[in-house]
């Protein structure tokens, strides 16, 4: 990323502390979150750096980072923080806002496509229909990245799963799917309301 | 004993071997699972990553349905489902009118009481003495690495279960079955969870660390109480071996598999024969 794109943003306009129920000012940069993070090495900004970025008002940099989508939500950072900063909840808040604001890093499209396909799937079925999710996810990634190889990745697993009776062509759905649709509608106002 | 049961999507999907194992094992212990009527998905990682309110509403609907069915105890064998249910209970208890709001959203009364149990807690509720007395085939050849992963013990202020850095509850269950357990370093490290498809690199890296650490400490199997941990350590093990040019051959059991085997059930009854890595 060039220059300092976050400098102009107003951190107050993003309700990160409200969504995450946590006080970012409490962080004194001990780095314990990053020390225990299983995926810190994959991140462009380590967990403690992400928190610092938001503290400094450069929230846009955090929202555009790859790190927020690399996070596996293991909760180790929040559990070990000596100042009770809920770093994992901050990650959730940053992801929610990043998506709503159209700031998702290009390289992280597969992760986001998966989460979106997952939610769309349960909105329609009430419960997860795995095969449908896989088809939906692969198609979405193909259209976003233009990588046809992705369509066939893991295809070799299908017959092995079939042999083990782990594939369901007709998955069970919730009976009252209309209520699920209404729950989604009532929760879809976005992080800023 | 009757107990409310929230299977969650994984156990009705590709982790149906876990459900087979639970039903066989708990059935042999005279525990009847009563599935919540018309339960829905808890939203899993997708909901908490993309939509905070939805991540509370979906489990809240299941809590309300469990309540309506009259369950005072609810068993959720997937730790993510279980943690999400507990998170809603905690959020509702913290007040701020959330209970009313969630009840309105999910169109059913959300009370937020009732006990949520993970698999280990189900065995604790049955009683380890009773379990020990029921053992027919002590697991003398088992030397297990107990793998808790993330959400059985974290976040501690939500799940209030065991020691979040050095948990011991699974070891205690295995001791009652006559199995040995090993001390190792990756008990509570993450396996990559729901990244199985969307970021395979992450999962293979983490699964490799977990499996090789278990092997280095002399374990001949890894025991889990989570469908996603099983997927990443069992189903993806061949991919891990290929990526890191290492033969691991580590058998991954659900905790209920080992309890079932000790009770004298067969691998076929428990679905152990449907795992990807099986004993040579």
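Residue numbers (the working numbering), protein chains in the order written: chain A, 1 to 193; chain B, 1001 to 1280. Idealized CB from N, CA, C, for every residue including glycine.
Just to confirm, is the Cβ distance from residue i to residue j under 7 angstroms?
i: residue 1076 of chain B; j: residue 1006 of chain B; result: yes
i: residue 1149 of chain B; j: residue 1229 of chain B; result: yes
i: residue 1184 of chain B; j: residue 1214 of chain B; result: yes
i: residue 1026 of chain B; j: residue 1043 of chain B; result: no
i: residue 119 of chain A; j: residue 1046 of chain B; result: yes
i: residue 1033 of chain B; j: residue 1256 of chain B; result: no
i: residue 1270 of chain B; j: residue 1024 of chain B; result: yes
i: residue 117 of chain A; j: residue 137 of chain A; result: yes
i: residue 1126 of chain B; j: residue 1225 of chain B; result: no
i: residue 1251 of chain B; j: residue 1231 of chain B; result: no
i: residue 1080 of chain B; j: residue 1116 of chain B; result: no
i: residue 1156 of chain B; j: residue 1015 of chain B; result: no
i: residue 1073 of chain B; j: residue 1013 of chain B; result: no
i: residue 103 of chain A; j: residue 67 of chain A; result: no
Tell me which same chain residues have a C-beta within less than 8 angstroms of the C-beta of residue i, skipping the five on either side of it?
i: residue 1056 of chain B; result: 1087, 1088, 1091, 1098 and 1102
i: residue 177 of chain A; result: 124, 125 and 126
i: residue 1037 of chain B; result: 1065, 1068 and 1069
i: residue 28 of chain A; result: 83
i: residue 38 of chain A; result: 72, 74 and 76
Taking 7 angstroms as the limit between beta carbons, can you name the residues of its chain near residue i, skipping five residues before and five after?
i: residue 111 of chain A; result: 69
i: residue 144 of chain A; result: 109 and 113
i: residue 1009 of chain B; result: 1041
i: residue 132 of chain A; result: 121
i: residue 1129 of chain B; result: none
i: residue 1083 of chain B; result: 1151, 1158 and 1159
i: residue 1137 of chain B; result: 1261, 1262 and 1264
i: residue 35 of chain A; result: none
i: residue 17 of chain A; result: 23 and 24
i: residue 1247 of chain B; result: 1241
Going along chain A, which residues have a C-beta under 9 angstroms from residue i?
i: residue 1068 of chain B; result: Within chain A, no residue comes near residue 1068 of chain B; the closest Cβ sits about 12 angstroms away, beyond 9 angstroms.
i: residue 1012 of chain B; result: 127, 128, 168, 171 and 172
List, in order along the chain, the chain A residues whose C-beta lies closer than 7 angstroms to that of residue i?
i: residue 1038 of chain B; result: 174, 175 and 176
i: residue 1198 of chain B; result: 110, 111 and 114
i: residue 1189 of chain B; result: 38
i: residue 1061 of chain B; result: 183
Can you list the residues of chain A that residue i reaches, using a CB-CB cut of under 8 angstroms?
i: residue 1195 of chain B; result: 72 and 111
i: residue 1278 of chain B; result: The contacting residues do not exist; residue 1278 of chain B stays about 10 angstroms from chain A at best.
i: residue 1274 of chain B; result: 164, 165 and 166
Identify the contact partners of residue i in chain B, using a Cβ-Cβ distance below 7 angstroms as the criterion.
i: residue 82 of chain A; result: Those do not exist, as residue 82 of chain A stays about 14 angstroms from chain B at its closest Cβ, beyond 7 angstroms.
i: residue 79 of chain A; result: 1154, 1155, 1156 and 1164
i: residue 43 of chain A; result: Under the 7 angstroms cutoff, chain B gives no residues; its nearest Cβ is about 11 angstroms from residue 43 of chain A.
i: residue 39 of chain A; result: 1202
i: residue 85 of chain A; result: Neighbours of residue 85 of chain A on chain B: none; closest Cβ ~12 angstroms, over 7 angstroms.
i: residue 187 of chain A; result: 1051, 1053, 1054, 1057 and 1105
i: residue 179 of chain A; result: 1107
i: residue 19 of chain A; result: 1052
i: residue 16 of chain A; result: Going along chain B, no residue has its Cβ under 7 angstroms from residue 16 of chain A, so there is no contact; the nearest lies around 11 angstroms.
List the residues of chain B that residue i touches, going by C-beta distances under 8 angstroms, in chain order.
i: residue 75 of chain A; result: 1150, 1151, 1154 and 1155
i: residue 96 of chain A; result: 1049, 1050, 1051 and 1052
i: residue 32 of chain A; result: Those do not exist, as residue 32 of chain A stays about 13 angstroms from chain B at its closest Cβ, beyond 8 angstroms.
i: residue 137 of chain A; result: 1197 and 1198
i: residue 99 of chain A; result: 1050
Please return the same chain residues whose Cβ sits closer than 6 angstroms to the Cβ of residue i, not counting the five positions on each side in sequence.
i: residue 1154 of chain B; result: 1164
i: residue 31 of chain A; result: 48
i: residue 1253 of chain B; result: 1221 and 1223
i: residue 1017 of chain B; result: 1271 and 1274
i: residue 1186 of chain B; result: 1210 and 1213
i: residue 1279 of chain B; result: 1251
i: residue 1020 of chain B; result: 1271
Along chain B, in chain order, which residues have C-beta atoms closer than 9 angstroms to that of residue i?
i: residue 92 of chain A; result: 1048, 1049, 1050, 1052 and 1055
i: residue 103 of chain A; result: In chain order: nothing, as chain B lies at least about 13 angstroms away.
i: residue 50 of chain A; result: Under the 9 angstroms cutoff, chain B gives no residues; its nearest Cβ is about 15 angstroms from residue 50 of chain A.
* For the region 1179-1192 of chain B against the region 1139-1146 of chain B, are there 3 or more C-beta pairs whose distance is under 8 angstroms? -> yes
* Counting pairs of beta carbons, one from the region 73-93 of chain A and one from the region 37-53 of chain A, are three or more of them closer than 8 angstroms? -> yes
* Three CB pairs or more closer than 8 angstroms across the region 1103-1114 of chain B and the region 1143-1160 of chain B -> no
* For the region 1159-1177 of chain B against the region 1200-1218 of chain B, are there 3 or more C-beta pairs whose distance is under 8 angstroms? -> no
* Asked: Is it a yes or a no for the region 114-133 of chain A touching the region 82-92 of chain A, going by three-plus beta-carbon pairs under 8 angstroms?
  -> no
* Taking 8 angstroms as the threshold, find out whether the region 165-173 of chain A comes into contact with the region 1040-1052 of chain B through three or more Cβ pairs. => no
* Per the contact definition of three or more C-beta pairs closer than 8 angstroms, is the region 1191-1201 of chain B in contact with the region 1228-1240 of chain B? -> yes
* Taking three-plus beta-carbon pairs below 8 angstroms as touching, is the region 51-63 of chain A in contact with the region 90-100 of chain A? -> yes
* **4-residue-minimum alpha helix (DSSP H) runs that sit fully inside the region 98-149 of chain A, ordered along the chain** => 109-125 and 130-145
* To do: Output the residue ranges of the alpha helix (DSSP H) runs that lie fully inside the region 5-74 of chain A and measure 4 residues or longer, sorted by chain position.
  => 16-20, 32-36, 47-55, 59-63 and 67-70
* Determine contact between the region 1058-1074 of chain B and the region 147-161 of chain A, defined as no fewer than three beta-carbon pairs at a distance below 8 angstroms. => Per the Cβ contact rule, the region 1058-1074 of chain B is not in contact with the region 147-161 of chain A (fewer than 3 Cβ pairs under 8 angstroms).
* Asked: Taking only runs of the alpha helix (DSSP H) that begin and end inside the region 1010-1038 of chain B, which ones reach a length of at least 4 residues, in chain order?
  -> 1016-1028
* **Whole runs of the beta strand (DSSP E) within the region 1046-1082 of chain B, excluding any shorter than 3 residues** => 1073-1075
* Complete runs of the alpha helix (DSSP H) confined to the region 1102-1126 of chain B [at least 4 residues] -> For secondary structure counted as the alpha helix (DSSP H) over 4 or more consecutive residues, the region 1102-1126 of chain B holds these complete runs in sequence order: 1119-1126.
* Asked: Quick one: complete alpha helix (DSSP H) runs, 4+ long, within the region 1217-1257 of chain B?
  -> 1227-1230 and 1237-1244
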